[in-house]
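Numbered as in UniProt numbering, the sequence shown ends at 263 without a single skipped number.
Quick reminder that beta carbons are idealized off the backbone N, C-alpha and C, glycines included.
Quick caveat: nothing in here was measured; it's all calculated off a predicted structure.
For reference, the structure is listed below as structure tokens.
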Amino acid sequence: MGAIPNTHIPDAAAILEEPGEYNQNSQQIQDAGRNRMGNDGSKTLFNFGFVYTCVIVFLYVPMLPILLQFPNEVQLLKREYFNRWYSLNAYFFALTIARLPLELLLGTMYLACVYISTGQPLEVVRYLQFLIICLLTAISSESLGFAISSTLSVVNSTFVGPAMAVPLMLLAVYGLGGESTNIPLYIKPFMYMSYLRYALEGLVIATYGNNRAALICPDEEVYCHFKSIFYFLLRRRLSMKRSFAALNIVGRFVKSYFTTGHV
1 MGAIPNTHIP DAAAILEEPG EYNQNSQQIQ DAGRNRMGND GSKTLFNFGF
51 VYTCVIVFLY VPMLPILLQF PNEVQLLKRE YFNRWYSLNA YFFALTIARL
101 PLELLLGTMY LACVYISTGQ PLEVVRYLQF LIICLLTAIS SESLGFAISS
151 TLSVVNSTFV GPAMAVPLML LAVYGLGGES TNIPLYIKPF MYMSYLRYAL
201 EGLVIATYGN NRAALICPDE EVYCHFKSIF YFLLRRRLSM KRSFAALNIV
251 GRFVKSYFTT GHV
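Here it is, written out as structure tokens:
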């Protein structure tokens with residue numbers, strides 16, 4: 001049998017006597033966290049792409065399973081509704097409530113991973129705003145999936161659903177970074193019809209708005225064009241005025257729907 005190598009095990013007292021290396025390592029970890037994409041003034045456009053990706057994720061992930069599953073349930077729904085077992089309002093309300101816990105769990109897990117790993121601001125209010133907007137986007141995507149799959153077959157639904165989502169994605173970023181006066185008048189109504197645009201504006205405001213401090217410009221960068229949050233929001237022409245106005249209109253429709261006794 002060979003001899004056991006003499007492995008040096010550091011003493012705990014020696015580690016406590018030399019805290020400089022430990023402090024240096026922890027400072028490097030903190031600096032790495034601050035220099036991630038969400039806090040880096042040289043990667044602001046990449047972080048905008050991350051926000052846009054979150055919108056796309058909460059568009060397709062909730063919608064695609066419904067396009068595959070719900071067309072097969074329509075025949076059963078028609079038979080039970082014809083027998084007057086329940087109303088359509090009660091059915092869709094129960095279906096939405098039943099899907100909420102899983103959406104809330106998976107959405108929270110996904111956002112907890114990507115929000116922290118990309119170095120977004122670790123503030124409870126900002127994270128809750130980010131989470132709520134993503135969940136509302138998921139519910140809206142589900143509604144779009146139900147509207148498509150309730151009238152088409154499985155094959156047609158899986159084709160029409162992603163095809164209809166592409167214009168919504170394009171309209172969500174159309175005109176950002178340029179003058180609003182250059183946008184044709186016939187496109188503006190379609191821009192405001194895209195719920196993804198309101199979701200994108202809300203996520204950007206949740207990330208960069210509310211008087212957030214200027215971003216960090218790394219030492220290796222000569223110039224960070226979007227270090228100033230106000231300048232970035234101004235160039236993107238982003239504000240919550242249109243979003244809040246649209247939410248107010250939708251809220252009035254929902255309130256009038258329930259007060260007139262449709263449920």
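Residue(s) in a DSSP beta bridge with Ile66: Ile66 is not bridged to any residue.
CA-CA distance, Leu222 and Asn39? Note that residue 222 is Val in the sequence shown, not Leu. Rounded to whole angstroms, Val222 to Asn39 spans 17 Å at the Cα level.
Could you give the distance in angstroms between the alpha-carbon of Gly202 and the alpha-carbon of Phe70? Looking at the two C-alpha atoms, the distance is approximately 30 Å.
Determine the extent of the alpha helix (DSSP H) in which Val173 is found, giving its start and end residues. Segment Val154 to Val173, the alpha helix (DSSP H) holding Val173.
Contact check, Val154 vs Leu215, beta carbons under 9 Å: Leu215 sits away from Val154, with the two beta carbons spaced by 9 Å or more.
Write down every uninterrupted run of the alpha helix (DSSP H) in the stretch 61-124 whose length is 4 residues or greater and which is fully enclosed by it, in chain order. Those alpha helix (DSSP H) runs which fall completely within the stretch 61-124 and span 4+ residues are 88-117.
For a quick check, are the C-beta atoms of Gly145 and Ile66 less than 9 Å apart? Yes.
Using the beta-carbon count (16 or more within 10 Å), is Glu21 buried or exposed? Residue placement at Glu21 is flagged as unreliable, the pLDDT there being 48, under the threshold of 50; a coordinate-derived value is accordingly withheld.
Rounding to the nearest angstrom, what Cα-Cα distance links Met63 and Leu176 in this structure? Approximately 26 Å between the Cα atoms of the pair.
What's the call for Phe48, buried or exposed, on a 16-neighbour Cβ count within 10 Å? It counts as buried.
Beta-carbon within less than 7 Å of Val160's beta-carbon, same chain only, minus the 5 sequence neighbours each way: which residues are those? Cβ neighbours of Val160 beyond the five flanking positions: Ile148 and Leu152.
Name the residue from Phe46, Glu80 and Lys43 whose alpha carbon lies nearest to the alpha carbon of Tyr91. Looking only at Phe46, Glu80 and Lys43, the smallest Cα-Cα distance to Tyr91 is reached by Glu80.
Distance CB(Thr207)-CB(Pro121) smaller than 9 Å: Yes; because the gap between Cβ atoms is below 9 Å, this pair is in contact.
Using a threshold of 9 Å, state whether the C-beta atoms of Gly119 and Arg36 are closer than that. Going by C-beta atoms, Gly119 is nearer than 9 Å to Arg36.
Using the DSSP secondary-structure output, state which residues sit across from Asp40 in a beta bridge. Per DSSP, Ile216.
Cα separation between Ala112 and Thr96? When only Cα atoms are considered, Ala112 and Thr96 end up about 23 Å apart.
Let me make sure I understand the geometry here. Which of Ser117, Cys134 and Val124 has the alpha-carbon closest to that of Leu100? Considering only alpha carbons, the answer is Cys134.
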